[in-house]
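Asker:
Residue numbers (the numbering used here): 7 to 260.
1. Going by C-alpha distance, which of 185, 228, 260 and 259 is nearest residue 143?
2. Which of the three DSSP states, helix, strand or coil, is assigned to residue 239?
3. Within 8 Å of any Cβ in chain C, is that where the Cβ of residue 195 sits?
4. Find the nearest neighbour of residue 197 within the set 258, 146 and 138, judged by alpha-carbon distance.
5. Consult DSSP for residue 202 and reduce its assignment to one of helix, strand or coil.
6. Determine contact between the segment 168-178 and the segment 198-218, defined as no fewer than three beta-carbon pairs at a distance below 8 Å.
7. Short check: CB of residue 259 to CB of residue 192, under 8 Å?
8. Does the segment 214-228 come within contact of the segment 149-162, defined as at least 3 CB pairs closer than 8 Å?
9. What residue from 130, 131 and 148 has the CA that sits closest to residue 124's CA?
10. Quick one: residues in its chain with C-beta nearer than 7 Å to the C-beta of residue 220, no 5 flanking neighbours on either side, listed in chain order?
11. Of all the options 184, 168 and 150, which has the alpha carbon lying nearest to the alpha carbon of residue 248?
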């Protein structure tokens, strides 16, 4: 009697386990089909790979044996040979996602923010470079400058001027190397932004903006040279002169 109860309990547990796996797999297959349907509605089905269909689960007969704890007799019963587990289902889904990611590059190449070649070197059209060198000593090469519209460039100029005004606490005898690096990072972007803002400005505003930019960048070069020489008194003095121009830039770009 005990053996019979144990066999029945084992059979119920075994069937429940495979029924749970079957239900989970079918639900997952329905989810993938819904995802494919949504992709078609959004018009991107041509760019995404086809989602692999999960194999149909067929019920076949297979003889299994249950050995009792108290007897050597065996009993045969019907079973579902479900070989596809949750791990396999997740693996199929990951294949679909990896395949889809291979097409994201082609979708992003033409959006204006994806670079497939070397970083472009910005050019300067207005007279804001150093007359002796033809450039500016603080300009950092290999730095990506996002191409924004004029309004956003003016906002970035104001934001970077504010950041440099907050650099006073960074200036110290052991931190001048960081001052130089931080100054070059911010001033390089401001250099190219000023050029684009001047080009887009009205005719009456071009000359005042050019004069403001030259005064700012001349001050940047002096500040960079003082920090490079690790001359703390001169760095502090140059920074005080630069702060006045930075405040003027913030007012102009407001």
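Each residue gets a CB set at the ideal place from its N, CA and C atoms; glycine is no exception.
Answerer: This is what the structure holds:
1. 228
2. helix
3. The structure shown contains no chain C; it is built from a single protein chain.
4. 146
5. helix
6. no
7. no
8. no
9. 148
10. 134
11. 168
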